[in-house]
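Visitor: In the numbering used here, the protein residues as written are 4 to 403.
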Amino acid sequence: MIIGRESATKLVRQALSDNSATVLLGPRQIGKTTLARALAAEHQDSVFLDLEQAADLRKLQDASAFLLSTAGKLTVIDEVHRAPNLFADLRVLIDERRRAGQRTAQFLLLGSASLDLIRQSAESLAGRVTYVELPPIGPDEAHDANISINQLWLRGGFPDSLLANDDAGSLRWRTNFIRSYLERDVPMFAPRMPTAMIGRLWTMLAHGQGTLLNASRLAQALAVTSPMVGRYIDLLDDLLLVRRLQPWSGNLTKRLVRAPKIYVRDAGLVHGLLEIETLEQLLGHPVAGASWEGLVIEAMIDAAGPRAFPSFYRTADGAEIDLVIERAGKVAFAIEIKRSTAPKIEQGFYRGAQDIAAQRRIVVYPGSESYPARDGVEVLPLREAIAAVSGSCAALKPAV
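#1: How long is the line joining the alpha carbons of Ser411 and Pro87, rounded to whole angstroms?
#2: Have a look at Arg158 and Ala103 and give me their C-alpha separation to the nearest angstrom.
#3: With distances taken Cα to Cα, identify the nearest neighbour of Leu155 among Lys264, Glu372 and Ala302.
#4: Using the three-state DSSP reduction, which class does Val367 fall into: helix, strand or coil?
#5: Taking 8 angstroms as the cut-off, decide whether the C-beta atoms of Tyr235 and Leu248 are in contact.
#6: Would you call Pro289 buried or exposed, if buried means 16 or more other Cβ atoms sit within 10 Å of its Cβ?
#7: On the CB-based measure, 16 or more other CB atoms within 10 Å of its CB, does Gln212 come out buried or exposed?
#8: Using three-state DSSP, classify Asp48 as helix, strand or coil.
#9: In the structure shown, what three-state DSSP assignment does Phe352 receive?
#10: Can you tell me whether DSSP reads Lys62 as helix, strand or coil?
#11: If the criterion is Cβ atoms closer than 8 angstroms, does the pair Leu185 and Leu27 meet it?
#12: Need the endpoints of the beta strand (DSSP E) that Lys3 sits in, please.
#13: Pull up the distance between the alpha-carbon of Val260 and that of Arg317, whole angstroms please.
#14: To the nearest angstrom, report how far apart Val403 and Gly75 are at their CA atoms.
#15: Would you kindly work out how many angstroms separate the C-alpha atoms of Ile150 and Ala68, rounded to a whole number?
#16: Under DSSP, the beta strand (DSSP E) around Tyr134 begins and ends at which residues?
#17: Can you give me the start and stop residues for the beta strand (DSSP E) that Tyr316 sits inside?
#18: Quick one: Cα of Glu9 to Cα of Leu326, how far?
#19: Ignore the nearest five residues each way along the sequence and tell me which others in Leu238's own chain have a CB closer than 6 angstroms to its CB.
#20: Grab the span of the beta strand (DSSP E) containing Pro384 for me, first residue to last.
#21: Give me the Cβ distance between Thr133 and Thr37, rounded to the nearest whole Å; I'm assuming they're in contact under 8 angstroms.
Written out as structure tokens, the structure reads:
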């Protein structure tokens, strides 16, 4: 089975039509290559280079000469981080192609590490590049493929994990994926960082899914310094494997929590790191609530789109919102996430939503019916919440 990635495909197609170069970001094995090959097939005589293949990498030893031969064609370059000196050549080629009349859809670049690619491409391709992130498969895509939300939650959104023959096979895939990242990607992107230490930290972050980042406590447990923990987390963040959800920082006189929350971005990887194989094991595990929260947060952030700014809200006196979504200078959504099918809404959420003047106030839960609560709060099933966030954020105009 191949799961359609219509939303991401539409974003990349639009980016290609708007700009000369598009960078498609996402962890390894998330589906970037499959999506790129499908898009390349829409362009006549497109060229596809996979820089993990020695023959393709050799073609770029003299990048200018080779890429001159692809003029007028969409050129897709997979694993582009393996050719870090390429971006300066691309700028010259893009400008030459623009003068020749090919102003858009020149290059589609695929990579697994966001920070390096954005930095390198931003320095060389300013005004010529658009960035699109391919997230794991989400609830709507799973639903369209007749995959239950519980299967998506347990196995996560990496296609090979989600579509494995059984739960045991899915866990084996994720275990191998984690090992591969530690043995291959960490040494490639951060050769001086100890892979065993990164692995221990990654597991600790899974245990503490959704908690406030306490670098000192993590440093003490790992017997390293707090700045070193920060650099390790920077790497996992750069590899699009963890998310630092920043605290809301609007102009209020209240005492706000200043530390970010930390999430392993894919729920299946949380469970892989903790060796949780079955739904029964997950439902009985202490991480279940936080894991569900992480799944919903990623789905909401994806639905809100790239122009939205996500955060959380927490004050010293107990007001708290799991996810705040700002768009066009306004607090569009205050979102509370519950695992219970009979959610109890705490007073702290009502206070927090009032504090930040949220336009819509939503409680997301795993039930099937939507209903109103007091003070304008809506209780919504997950996919209805996704539709609400996606539709409202699409309708908002950027601030002028």
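Each residue gets a CB set at the ideal place from its N, CA and C atoms; glycine is no exception.
Guide: Judging by the given coordinates:
#1: Since the displayed the chain opens at 4 and closes at 403, residue 411 lies outside it and no answer follows.
#2: Cα to Cα, the separation comes out at about 48 angstroms.
#3: Nearest option by C-alpha distance: Ala302.
#4: The answer is strand: DSSP assigns Val367 an E or B state.
#5: In terms of Cβ geometry, Tyr235 and Leu248 do not form a close pair [threshold 8 angstroms].
#6: Classification for Pro289: exposed.
#7: Under the 10 Å beta carbon count, Gln212 is surrounded by 16 or more other beta carbons and is classified as buried.
#8: Residue state for Asp48 is assigned as coil, using DSSP reduced to three classes.
#9: It is helical.
#10: Correct three-state label for Lys62: helix.
#11: No, Cβ-Cβ distance for Leu185 and Leu27 is not below 8 angstroms.
#12: Outside the modelled stretch of the chain, which goes from 4 to 403, sits residue 3, for which no answer is possible.
#13: Taking the straight line from one Cα to the other gives about 6 angstroms.
#14: With a pLDDT of only 26 at Val403, under 50, the local geometry of the prediction cannot be trusted, and no value is derived from it.
#15: Cα-Cα distance, rounded: 47 angstroms.
#16: Counted as a single uninterrupted DSSP element, the beta strand (DSSP E) harbouring Tyr134 occupies residues Val132 to Glu136.
#17: Where Tyr316 is concerned, the enclosing beta strand (DSSP E) stretches over Phe312 to Arg317.
#18: Using only the alpha carbons, I get a separation of about 25 angstroms.
#19: For Leu238, where only same-chain residues beyond five positions count, the Cβ hits under 6 angstroms are Ala193.
#20: Segment Val380 to Pro384, the beta strand (DSSP E) holding Pro384.
#21: Contact between Thr133 and Thr37 is ruled out by a C-beta separation of about 20 angstroms, above the 8 angstroms threshold.
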